[in-house]
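Following: one structure in structure tokens, then a few remarks.
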Amino acid sequence: MINVKVQCSVENNYHQVFIRSKFATFILLLVQKHPDSKNGAYCADGWSLVCSNENDCSCFQYVDGYVRYEIAEQICNGFGGELPSIHSEDKNKFLYVFPDDLRRGAWIGLRRVNNSFIWVDESDLNYASWNDDAPTNGANSSDCVHYVGYEDEGYIVPFKWRDSPCTELRPIFCEMPLSKPTTTVPPPTTQQPDPCPNNYTERCFQNNVCYCYSVKQKMYWGDGIAACRNEGADMISIHSSEENSFIREIAGSEIVWIGCLYNSTYWVDGTNMNYENWLSSYNSHNLGYMSFEYSGYWRGSINIGEYMTVVCKKPTYRN
């Protein structure tokens with residue numbers, strides 16, 4: 001989710017977004033299912049392509065939800081990515097353009113282990129951008145690192161890092177590699193396969209659009225995303241009142257995570273959020289869930305550490 005006011009132009013299949021700050025003007029290349037001109041790789045919908053140079057490109061998403069470090073790792077892992085590793089000044093500066101409000105700072109993938117700072121992807125710490133008062137040491141030392149933006153005093157300290165207690169609640173940067181185009185091999189035509197795999201139920205909606213659904217056990221939101229993707233599915237996206245009613249039907253009296261972040265225009269499966277069913281007084285938190293007691297309306301949760309039922313969704317073999 002990118003909370004910036006932008007001025008866009010389209011050139012050579014890229015959206016060039018010019019973001020002007022107090023300090024400098026940066027160009028951020030955003031790619032959403034548009035092939036990279038060099039190798040055909042792309043970022044999924046809702047993710048943004050960041051290139052610090054022509055050989056260092058990856059996909060980023062800023063998640064505007066306040067969570068502790070451990071949960072931030074779960075969220076990024078659930079997306080198929082990680083908290084970002086930063087190895088150059090250019091890449092470090094590019095991250096600054098994402099959020100409109102960084103008063104709390106955003107977690108990055110650096111933390112202290114056995115008195116040494118290491119990246120979550122185990123890459124070398126060959127670049128650092130510590131603030132003047134960081135890292136802390138001794139009795140007051142902290143183990144997790146966040147990106148610095150606006151501070152409570154009102155001044156701006158861009159591009160710098162600070163270490164903080166891992167239990168603090170902060171927004172998140174997630175990073176994942178570019179996706180490569182894949183070739184899908186159709187099933188043999190000699191035998192018509194079942195439209196859905198085992199433990200999945202088919203449901204068709206208007207215009208004969210069909211999907212497979214599977215109700216899973218209760219788990220954390222990030223674990224739910226990972227569990228669905230391990231089966232080639234995604235946490236549910238909901239695109240009509242008919243589909244919303246069906247999810248309520250198969251979930252029974254359970255409270256169900258849904259694959260959306262409040263104020264985002266995309267579901268976690270990359271589809272557009274073209275239908276919403278928020279309960280009016282509960283749409284201001286970060287993660288969506290469907291509550292049976294409120295007749296299928298969605299509520300928002302700020303606590304990603306809650307256990308709720310997960311429903312996975314994937315296209316049928318008919319599609």
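Counting along the sequence shown from 1, when you hit position 145 you're at 145 in the UniProt record's numbering, and nothing is skipped either side.
C-beta: ideal position from N, C-alpha, C; glycine also.
No experiment lies behind these values; they were computed from the predicted model shown.
Taking Y127 as the centre and dropping the five residues before and after it, the same chain places the C-beta of I86, H87, S88, E89 and N92 closer than 8 Å to its C-beta, in chain order.
Relative to the Cα of S123, the nearest Cα in the group P84, N115 and D223 belongs to P84. G259 is a Cβ neighbour of S237, given a cutoff of 8 Å.
Per the coordinates, the alpha-carbon of G296 lies some 27 Å from the alpha-carbon of P195. Taken in chain order, the unbroken stretches of beta strand (DSSP E) that lie wholly in the region 163-237 and span 3 residues or more are 170-176, 201-204 and 210-219. The shortest CA-to-CA distance from K160 to any of A106, G224, H239 and N272 is the one to A106. Secondary structure note for R68: it is in no alpha helix (DSSP H), with a DSSP letter that is neither H nor E. The beta carbon of P165 is closer than 6 Å to those of S142 in its chain, skipping five residues each way along the sequence.
Going by DSSP, I108 is part of the beta strand (DSSP E) stretching over A106 to V113.
The beta-carbon separation of G46 and G270, rounded to 6 Å, stays under the 8 Å limit for a contact. In this structure, E243 and F205 form a Cβ contact; the two beta carbons are roughly 6 Å apart against a cut-off of 8 Å. Ranking A227, N55 and R68 by CA distance to the CA of G109 puts R68 first.
The residue among G138, Y66 and Y42 with its C-alpha nearest the C-alpha of P177 is Y42.
A straight-line Cα-Cα distance of about 20 Å links I75 and V215. Cβ-Cβ distances below 8 Å link T309 to V215, K216, Q217, K218, A251, E254, I255, V256 and W257 in the same chain, with the five nearest sequence neighbours on each side left out; the list follows chain order. Each residue's CA atom was taken as its position, placing V120 and N198 some 35 Å apart.
By the 16-neighbour rule on beta-carbons within 10 angstroms, G224 is buried. The C-beta separation of C174 from F60 comes to about 7 Å, placing the pair in contact by the 8 Å criterion.
Note on Y275: under 16 other CB atoms within 10 angstroms of its CB, so exposed under the neighbour-count rule. The beta-carbon separation of R203 and Y213, rounded to 6 Å, stays under the 8 Å limit for a contact. The Cβ atoms of Y62 and P171 lie closer than 8 Å to each other.
The continuous stretches of alpha helix (DSSP H) do not include S280, and DSSP gives it neither H nor E. Take the alpha-carbon of N131 and the one of C144: they are about 14 Å apart. Note on geometry: alpha-carbon atoms of R111 and V268 lie some 27 Å from one another.
In the DSSP secondary-structure assignment, K314 is bridged to C212. In terms of CA proximity to N137, F117 leads the group Y147, F117, V148 and S129. Only residues of its own chain outside the window of five on either side were considered, and among them Y275 have a CB closer than 6 Å to the CB of S240, listed in chain order. The three-state secondary structure of G78, taken from DSSP, is helix. DSSP lists Y266 as the bridge partner or partners of N272. Rounded to whole angstroms, N272 and N114 show a C-alpha spacing of 43 Å. Around the Cβ of L125, a 10 Å sphere holds fewer than 16 other Cβ atoms; the residue is exposed.
In the displayed model, S48 falls within a strand according to three-state DSSP.
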